[in-house]
Amino acid sequence: MIDSILLVDDEDLFHLVFEDSCSLLDITLSLQSLTSSDEADRLFKKWFNEGPEEEKPECVFVDLNIIGSSFDGIELIRKINTEYGNGVVIGIISSSDDKQEIEKAKKVGAQFWIIKSDEIEPRLEAFRKDYEGFKNKTAAFKLYK
Amino acid sequence: MISFSKDTCNDLIALYKTKKISLEGNILKVIKGGDSEFTKYIEEAKQRDNETRRKRLDITKQVQQQNKELIDSQAEREKLMTELQAALLESEKLRDAAVEDLETLQKRTQFELVGLIVKVALGIIGTVAFLTSILYFYVISKGLDAKIIESTWSNLFGILLTNSFSIIGTIMGVKYASGEKR
Numbered sequence: 002m003i004d005s006i007l008l009v010d011d012e013d014l015f016h017l018v019f020e021d022s023c024s025l026l027d028i029t030l031s032l033q034s035l036t037s038s039d040e041a042d043r044l045f046k047k048w049f050n051e052g053p054e055e056e057k058p059e060c061v062f063v064d065l066n067i068i069g070s071s072f073d074g075i076e077l078i079r080k081i082n083t084e085y086g087n088g089v090v091i092g093i094i095s096s097s098d099d100k101q102e103i104e105k106a107k108k109v110g111a112q113f114w115i116i117k118s119d120e121i122e123p124r125l126e127a128f129r130k131d132y133e134g135f136k137n138k139t140a141a142f143k144l145y146k
Numbered sequence: 095m096i097s098f099s100k101d102t103c104n105d106l107i108a109l110y111k112t113k114k115i116s117l118e119g120n121i122l123k124v125i126k127g128g129d130s131e132f133t134k135y136i137e138e139a140k141q142r143d144n145e146t147r148r149k150r151l152d153i154t155k156q157v158q159q160q161n162k163e164l165i166d167s168q169a170e171r172e173k174l175m176t177e178l179q180a181a182l183l184e185s186e187k188l189r190d191a192a193v194e195d196l197e198t199l200q201k202r203t204q205f206e207l208v209g210l211i212v213k214v215a216l217g218i219i220g221t222v223a224f225l226t227s228i229l230y231f232y233v234i235s236k237g238l239d240a241k242i243i244e245s246t247w248s249n250l251f252g253i254l255l256t257n258s259f260s261i262i263g264t265i266m267g268v269k270y271a272s273g274e275k276r
């Protein structure tokens with residue numbers, strides 16, 4: 002089971018879907034949801050500069066297009082991986098399957114890309130099975146669709 | 095994992111039995127089961143929690159779907175509205191063109207009528223002038239009294255010249271005015 006997850010997504014309804022799906026699938030014990038990449042950026046900056054390290058989530062799911070934010074999910078992943086010390090399993094959760102965006106995400110260090118749809122549970126289930134590989138950095142980038 | 099004292103376990107079980115109130119959420123996943131009765135309580139509480147979450151998940155998905163359909167229909171409506179406005183603009187342009195065509199047609203009809211009147215008037219004047227001239231030359235050639243016909247002929251040519259210039263002036267004026275409008 003993943004210790005803690007951070008979800009960054011502008012859609013409040015998806016927060017509920019994600020939370021209930023994670024709970025039903027026993028994916029995590031602790032889930033924090035944010036609606037903007039700026040807020041996530043502030044938190045990671047704080048955790049990196051001041052700590053405590055324990056508050057930092059183990060895994061981060063980021064939406065691609067976050068309405069109302071200064072930058073998109075790919076830029077947030079780049080910042081977390083290059084400016085705030087990395088150290089988390091991180092990837093995109095989006096309804097888009099744009100190949101160019103997927104390539105961009107891979108380049109900035111995203112480890113997975115989950116396509117959002119009505120049936121999110123089977124993809125989360127598959128992700129859970131691969132999670133150890135992502136955590137140990139032994140698994141290659143994977144697209145869940 | 096956390097564990098509760100025997101009394102707390104009993105209180106929780108009693109609360110569930112009497113009021114149907116049980117623990118819910120992720121805390122259930124970190125509680126260590128005690129005796130068989132409390133283990134059963136935890137299992138039931140987990141089951142109830144899962145049922146509630148499943149229901150909520152289904153409803154949330156439905157709401158999500160309805161929202162998506164609403165957004166799609168709104169986009170479709172906006173698209174239709176844009177097309178409707180474009181069609182309205184086009185029909186207004188066509189109406190203006192039709193009105194302009196009608197005005198041109200009316201003007202052309204008026205010009206044709208004026209042209210016809212001018213032609214008939216010039217024809218009458220010309221014919222009268224021609225006949226009077228023949229009569230005048232006939233009278234002169236025969237050596238008859240030509241005083242009356244002489245004055246008639248000169249009056250007639252005076253009128254003919256005056257009217258011709260008047261008609262030419264009118265036609266030029268009308269042509270100039272219509273040319274300005276176009």
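So the sequence lines, in the order shown, correspond to chains A and B.
Counting in our numbering, the first sequence runs from 2 upward without gaps.
Counting in our numbering, the second sequence runs from 95 upward without gaps.
Each residue gets a CB set at the ideal place from its N, CA and C atoms; glycine is no exception.
For residue i, three-class secondary structure by DSSP
i: Ile-165/B; result: helix
i: Ser-130/B; result: helix
i: Val-193/B; result: helix
i: Val-171/A; result: As shown, chain A starts at 2 and ends at 146. That puts residue 171/A outside it, with no answer to give.
i: Phe-113/A; result: strand
i: Arg-276/B; result: Because Arg-276/B sits at a pLDDT of 47, beneath the cut-off of 50, its placement in the model cannot be relied upon, and the following sentence gives the value as read from the coordinates. In this structure, Arg-276/B counts as coil in the three-state DSSP scheme.
i: Ile-125/B; result: strand
i: Ile-115/B; result: coil
i: Ile-67/A; result: coil
Nearest to residue i (by Cα), restricted to the options the options
i: Arg-129/A; options: Asp-13/A, Ser-24/A and Gly-110/A; result: Ser-24/A
i: Ala-106/A; options: Ile-93/A, Ser-118/A, Ser-97/A and Pro-58/A; result: Ile-93/A
i: Glu-54/A; options: Asp-42/A, Glu-76/A, Leu-26/A and Val-89/A; result: Val-89/A
i: Ile-91/A; options: Asp-99/A, Ser-118/A, Glu-51/A and Arg-79/A; result: Arg-79/A
i: Ile-116/A; options: Glu-122/A, Phe-45/A, Ser-95/A and Lys-100/A; result: Ser-95/A
i: Gln-158/B; options: His-16/A, Ile-75/A, Asn-87/A and Asp-98/A; result: His-16/A
i: Glu-104/A; options: Ile-75/A, Glu-122/A and Ile-121/A; result: Ile-75/A
i: Leu-26/A; options: Leu-14/A, Ser-37/A, Leu-44/A and Ile-3/A; result: Ile-3/A
i: Val-9/A; options: Asp-21/A, Val-63/A, Glu-56/A and Glu-59/A; result: Val-63/A
i: Trp-247/B; options: Leu-229/B, Ile-262/B, Phe-259/B and Gly-263/B; result: Leu-229/B
i: Leu-14/A; options: Ile-107/B, Ile-262/B, Thr-154/B and Lys-113/B; result: Thr-154/B
i: Leu-19/A; options: Val-61/A, Phe-135/A and Asn-137/A; result: Before going further, note that residue 19/A is Phe rather than Leu in the sequence given. Of the listed residues, the one whose Cα sits closest to Phe-19/A is Val-61/A.
i: Lys-146/A; options: Phe-135/A, Asn-137/A and Glu-126/A; result: Glu-126/A
i: Ile-109/B; options: Gly-217/B, Phe-132/B and Ala-169/B; result: In the sequence under discussion, the amino acid at residue 109/B is Leu, which differs from the Ile named in the question. Taking only the C-alpha atoms, the option nearest Leu-109/B is Phe-132/B.
i: Glu-118/B; options: Glu-244/B, Lys-100/B, Thr-146/B and Glu-163/B; result: Thr-146/B
i: Trp-114/A; options: Lys-57/A, Leu-144/A, Arg-43/A and Lys-100/A; result: Leu-144/A
i: Leu-44/A; options: Glu-122/A, Val-109/A, Leu-77/A and Phe-142/A; result: Leu-77/A
i: Gly-110/A; options: Glu-122/A, Asn-50/A and Tyr-85/A; result: Tyr-85/A
i: Thr-264/B; options: Lys-134/B, Ala-139/B and Val-212/B; result: Val-212/B
Rounded C-alpha distance that separates residue i from residue j
i: Asp-195/B; j: Arg-202/B; result: 10 Å
i: Arg-124/A; j: Trp-48/A; result: 30 Å
i: Gln-48/B; j: Phe-224/B; result: Outside the shown range of chain B (95 to 276) lies residue 48/B, about which nothing can therefore be said.
i: Leu-32/A; j: Leu-174/B; result: 43 Å
i: Thr-139/A; j: Thr-29/A; result: 21 Å
i: Gly-127/B; j: Glu-133/A; result: 28 Å
i: Val-208/B; j: Ala-192/B; result: 24 Å
i: Gly-220/B; j: Lys-241/B; result: 22 Å
i: Leu-183/B; j: Glu-197/B; result: 21 Å
i: Ser-97/A; j: Thr-83/A; result: 24 Å
i: Thr-36/A; j: Asp-11/A; result: 4 Å
i: Gly-252/B; j: Ser-258/B; result: 10 Å
i: Gln-112/A; j: Thr-102/B; result: 44 Å
i: Ile-136/B; j: Leu-122/B; result: 7 Å
i: Met-95/B; j: Phe-135/A; result: 26 Å
i: Arg-148/B; j: Glu-120/A; result: 13 Å
i: Leu-178/B; j: Asn-161/B; result: 25 Å
i: Val-233/B; j: Ile-218/B; result: 22 Å
i: Ile-261/B; j: Leu-210/B; result: 12 Å
i: Val-124/B; j: Gln-141/B; result: 15 Å
i: Asp-39/A; j: Thr-112/B; result: 48 Å
i: Ile-6/A; j: Ser-130/B; result: 33 Å
Assumed close pair residue i, residue j - CB separation to whole angstroms, cut-off 8 Å
i: Ile-81/A; j: Asp-73/A; result: Wrong, their Cβ atoms sit about 13 Å apart, outside the cutoff.
i: Leu-250/B; j: Val-222/B; result: 7 Å
Continuous beta strand (DSSP E) stretch holding residue i: start and end
i: Leu-8/A; result: 3 to 9
i: Lys-143/A; result: 143 to 145
i: Thr-29/A; result: 29 to 35
Residue range of the unbroken alpha helix (DSSP H) whose run includes residue i
i: Gly-92/A; result: From DSSP, Gly-92/A is part of no alpha helix (DSSP H) but of the beta strand (DSSP E) over 90 to 95.
i: Phe-49/A; result: 38 to 50
i: Glu-126/A; result: 122 to 136
i: Glu-54/A; result: No alpha helix (DSSP H) holds Glu-54/A; DSSP gives it neither H nor E.
i: Leu-25/A; result: 13 to 25
i: Glu-76/A; result: 74 to 83
i: Ile-103/A; result: 100 to 108
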